[in-house]
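One structure is given here, and the rest of the page talks about it.
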Amino acid sequence: MAAGGFLLALLLLSCLAASSNGVTFSSLQRTLIVRASPTQGQVLKAGEDKITVTWSYNNTFPPGTDSTYKTIKVKLCYAPISQVDRAWRKTVDDLAKDKTCQFKIVAKPYSASNSTITWTIERDTPTATYFLRAYAFNSAEEEVAFGQTTDAHKTTNLFQVEAISGRHASLDIAAICFSSFSVLSLFGFFFIEKRKGKASRQK
Amino acid sequence: MEVEQKPNDLSTQKFPLPVDSEHKATVFRVHSFAPPHMRAFHISWISFFSCFVSTFAAPPLLPIIRDNLNLTSTDIGNAGIAAVSGAVFARVAMGTACDLVGPRLASSSLILLTAPAVFCSSISNSPVSFLLVRFFTGFSLATFVSTQFWMSSMFTARVVGTANGLAGGWGNLGGGATQLIMPLVFSVIRDIGATKFTAWRIAFFIPALFQTLSAYAIFFLGQDMPDGNYSKLHKSGERHKDNFPQVLYHAVTNYRGWILALTYGYCFGVELTVDNIIAQYFYDRFNVNLRTAGMIAASFGLANIFSRPGGGILSDAVAKRFGMRGRLWTLWMVQTIGGLLCVLLGKVGSLGASVAVMLVFSIFCQAACGLTFGVVPFVSRRSLGIISGMTGGGGNVGAVLTQVILFRGSRFSTETGITLMGIMILCCSLPIWLIYFPQWGGMLHGPSSKGTTEEEYYMSEWSSTERNKGFHQASMKFADNSRSERGRRVESAPAPVDQGTPSPGV
Chain A
1 MAAGGFLLAL LLLSCLAASS NGVTFSSLQR TLIVRASPTQ GQVLKAGEDK
51 ITVTWSYNNT FPPGTDSTYK TIKVKLCYAP ISQVDRAWRK TVDDLAKDKT
101 CQFKIVAKPY SASNSTITWT IERDTPTATY FLRAYAFNSA EEEVAFGQTT
151 DAHKTTNLFQ VEAISGRHAS LDIAAICFSS FSVLSLFGFF FIEKRKGKAS
201 RQK
Chain B
1 MEVEQKPNDL STQKFPLPVD SEHKATVFRV HSFAPPHMRA FHISWISFFS
51 CFVSTFAAPP LLPIIRDNLN LTSTDIGNAG IAAVSGAVFA RVAMGTACDL
101 VGPRLASSSL ILLTAPAVFC SSISNSPVSF LLVRFFTGFS LATFVSTQFW
151 MSSMFTARVV GTANGLAGGW GNLGGGATQL IMPLVFSVIR DIGATKFTAW
201 RIAFFIPALF QTLSAYAIFF LGQDMPDGNY SKLHKSGERH KDNFPQVLYH
251 AVTNYRGWIL ALTYGYCFGV ELTVDNIIAQ YFYDRFNVNL RTAGMIAASF
301 GLANIFSRPG GGILSDAVAK RFGMRGRLWT LWMVQTIGGL LCVLLGKVGS
351 LGASVAVMLV FSIFCQAACG LTFGVVPFVS RRSLGIISGM TGGGGNVGAV
401 LTQVILFRGS RFSTETGITL MGIMILCCSL PIWLIYFPQW GGMLHGPSSK
451 GTTEEEYYMS EWSSTERNKG FHQASMKFAD NSRSERGRRV ESAPAPVDQG
501 TPSPGV
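As given, the protein sequences belong to chains A and B, one line each in that order.
For the first sequence, the UniProt record's numbering gives the first residue as 1, with consecutive numbering after it.
For the second sequence, the UniProt record's numbering gives the first residue as 1, with consecutive numbering after it.
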């Protein structure tokens with residue numbers, strides 16, 4: 001009994017130990033300014049509409065803060081309203097486990113001055129409310145700073161993306177046809193069965 | 001009941017397998033496809049397999065579907081519940097359908113009627129439509145009852161356990177195979193060029209077509225009984241048609257049936273629940289990709305290839321020495337160990353440990369299913385069909401309850417839900433202690449000191465009027481055959497040497 005409990009504790013400890021070496025979001029400084037083209041509440045279509053993102057370093061911070069920045073990655077992130085009751089989009093402080101930002105827009109080498117890209121929203125982007133966030137990475141591929149288009153509580157400047165349905169007319173027709181065929185086959189079966197029953201009784 | 005052998009073609013019919021007086025096969029040769037017996041076995045397990053594949057085709061693709069249809073955890077949980085709730089009543093009704101039109105027409109009809117739901121999964125576009133297609137697809141799981149019914153019509157008592165265990169186990173395999181098949185089909189279609197949100201829709205045509213084809217195979221290649229189909233057989237009165245209200249009464253008033261329905265809910269019901277949640281669990285918690293999550297999830301269901309039949313074989317082996325008491329003890333122990341492993345599964349935090357625990361858990365969980373159906377045939381002889389349907393339905397009720405309480409919405413994280421499910425298994429397996437057969441005993445006590453015999457137990461299901469008409473004779477024969485449930489140590493009353501009604505040939 002004691003040995004089993006000890007083993008279980010060891011197992012749990014090793015799991016915990018393995019997971020607590022990631023960078024946390026709360027340790028990052030918001031040193032980047034990120035602006036994007038979508039306005040508050042705008043609805044964009046996946047696969048069609050474009051987003052223009054501009055980011056730069058906020059010079060009001062002490063000089064040298066950005067000395068470790070090597071690359072910038074801009075990501076499309078879920079707003080809180082799209083995270084409700086969806087544990088697979090949860091915001092967690094440990095960035096290794098954080099699922100807020102699941103879509104990478106671009107990765108570029110860092111430069112303190114303005115950088116801009118225009119991105120067409122990917123076709124498989126789900127219907128949801130989003131904002132944009134840029135992470136600055138050091139040479140060890142760890143997050144060291146961030147910037148985002150919304151405020152700290154993620155309530156302002158959110159926009160929506162409308163996904164494609166994935167349906168096509170040909171699929172709809174095929175589904176209906178095959179379904180009808182199945183049901184009609186059933187009537188066919190009963191008809192054949194009745195005929196066989198009659199035939200054997202006539203024998 | 002002795003069948004009067006009429007001098008007709010039936011007695012001169014040659015069967016590829018050795019048969020008894022009812023033309024039921026006395027041996028089970030798994031490699032053979034010989035009509036009608038082995039062919040019926042293979043057609044029935046394959047069609048049951050296809051129903052499982054369809055019913056659990058959505059879970060491995062949920063990471064894609066949930067984004068396409070904008071589902072919340074509550075929506076996903078509700079759809080999972082809907083998938084297993086339809087079969088609760090469908091399973092009970094299927095037993096009656098088999099009695100009326102035969103397992104061949106009953107199962108092929110159900111399969112063809114549920115195939116449209118699988119085809120229409122491709123065109124669902126909202127949480128509501130998703131729930132509806134999963135609900136109607138789930139009805140197809142009632143083919144479990146027709147499978148067991150069909151095997152009981154084709155094989156004698158000595159091998160029917162093996163036939164039932166293999167047909168049930170290999171059918172359940174579908175729940176595991178689908179976790180491999182669907183991600184594979186999805187990635188092939190996506191690689192051909194479809195976007196994610198279209199590829200999963202096309203992928204659903206595969207299980208749907210498979211299901212439809214299996215219904216055709218049942219209709220054209222299958223046969224209800226060794227001697228032919230219901231519609232062609234001239235019912236000469238050799239099969240007495242029982243009184244349905246009486247059969248129903250004796251099923252619902254037998255408390256053992258209700259206890260087994262509850263405990264089956266916590267081995268088979270747990271299996272269904274895990275089929276629904278496990279791929280998403282591994283995908284979300286351990287960040288593996290869709291294919292890997294599917295492979296891990298598949299290994300849970302694939303253990304059915306040997307674990308469920310193994311449970312049935314274990315039940316028979318234990319009964320040789322310890323009789324029914326051994327069957328009950330083994331059932332409780334195996335199911336309880338399964339519960340402990342389930343508690344552990346929710347606690348382990350690393351991928352490797354999770355997979356290992358899940359595999360061992362799957363073996364115990366599924367063996368418990370096989371062990372349950374080692375006890376079910378003895379609960380009642382007259383109402384065997386309905387008791388089997390109740391137990392089968394109880395399995396689905398367990399799945400519904402567990403998903404409603406633990407895996408719907410965001411109240412519990414999935415890992416907490418799994419641990420709590422393990423605790424529910426432990427609690428709901430305890431009623432097995434209450435099962436008591438006066439002629440054989442139960443877990444706590446030996447057989448009744450009053451010396452109740454098997455005949456008395458099974459005869460109590462027939463009224464004196466029915467006994468005077470001789471309707472109970474089949475039960476008497478079964479009672480005689482069931483004396484082996486006393487085990488090797490004969491504690492219960494010796495077999496009665498003088499019976500009131502002389503039964504020739506028993």
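Ideal placement from N, C-alpha and C gives every residue a C-beta, glycine not left out.
What residues match up with residue i in a beta bridge as DSSP calls it?
| i | result |
| --- | --- |
| A:V106 | A:V74 |
| A:Q29 | A:A145 |
| B:G228 | B:M225 |
| A:L44 | A:V161 |
| residue 524 of chain B | Residue 524 of chain B lies beyond the residue range present for chain B, which begins at 1 and ends at 506; the question has no answer from this structure. |
| A:K50 | A:T120 |
| A:R35 | A:T54 |
| B:T195 | None; B:T195 has no bridge partner. |
Is residue i close to chain B? Criterion is C-beta to C-beta, closer than 8 angstroms.
| i | result |
| --- | --- |
| A:A163 | yes |
| A:D172 | yes |
| A:V43 | no |
| A:F159 | no |
| residue 204 of chain A | Nothing in the structure corresponds to residue 204 of chain A, since chain A is present only between 1 and 203. |
| A:P126 | yes |
| A:G22 | no |
| A:F189 | yes |
| A:E193 | yes |
| A:D85 | yes |
| A:V183 | yes |
| A:R35 | no |
| A:A175 | yes |
| A:F178 | yes |
Could you round the C-beta distance between residue i and residue j to whole angstroms and report it? I think they count as a contact, below 8 angstroms.
| i | j | result |
| --- | --- | --- |
| B:T178 | B:P60 | 7 angstroms |
| A:C101 | A:R133 | 6 angstroms |
| A:G147 | A:V34 | 4 angstroms |
| A:S182 | B:L221 | The Cβ separation is near 18 angstroms, so there is no contact. |
| B:D224 | B:Y216 | 17 angstroms between Cβ atoms; not a contact. |
| B:G422 | B:L340 | 7 angstroms |
Starting from the C-beta of residue i, find all residues in its chain whose C-beta is less than 8 angstroms away, skip the five residues before and the five after it, and write them out in chain order.
| i | result |
| --- | --- |
| B:L331 | T263, S315, A368, L371, T372, G374, V375, I432 |
| residue 509 of chain B | Past the edges of chain B, shown from 1 to 506, lies residue 509 of chain B, and the structure says nothing about it. |
| B:S475 | R381, R382, Y458, M459, E461, W462 |
Spatial neighbours of residue i within its chain, please: C-beta separation below 6 angstroms, excluding the five flanking residues on both sides.
| i | result |
| --- | --- |
| B:F135 | A82, G86 |
| B:I277 | F407 |
| B:A79 | F130, L131, R134 |
| B:F48 | T143, T147, G171 |
| B:F268 | C369, G395 |
Does chain D have any CB closer than 8 angstroms to the CB of residue i?
| i | result |
| --- | --- |
| A:L186 | The chain labelled as chain D is not found among the protein chains of the depicted structure, namely A and B. |
In three-state terms, what does DSSP make of residue i?
| i | result |
| --- | --- |
| B:L444 | coil |
| B:C267 | coil |
| B:L71 | coil |
| A:K196 | helix |
| A:L132 | strand |
| B:W45 | helix |
| A:D66 | helix |
| residue 525 of chain B | Lying outside 1 to 506, the shown extent of chain B, residue 525 of chain B is not represented and no answer is given. |
| B:S21 | coil |
| A:F137 | strand |
| A:D85 | coil |
| A:F190 | helix |
| B:R239 | With a pLDDT of 47 at B:R239, under the threshold of 50, the modelled position of this residue cannot be trusted; read the value that follows with caution. Correct three-state label for B:R239: coil. |
Is residue i near the ligand PLP, with its Cβ less than 7 angstroms from a heavy atom?
| i | result |
| --- | --- |
| B:H23 | Of the ligands one can find in the structure shown there are none, so the ligand PLP has no counterpart to examine. |
Answer yes or no: does any C-beta atom of chain A fall closer than 8 angstroms to that of residue i?
| i | result |
| --- | --- |
| B:L430 | no |
| B:S108 | yes |
| B:S410 | yes |
| B:N78 | no |
| B:C342 | no |
| B:N276 | no |
| B:A261 | no |
| B:K14 | no |
Leaving aside the five residues before and after residue i along the sequence, list all residues of the same chain whose C-beta is less than 7 angstroms from its C-beta, in chain order.
| i | result |
| --- | --- |
| A:F25 | D93, L95, D98 |
| B:L444 | W433 |
| B:A40 | W150, M154, G222, Q223 |
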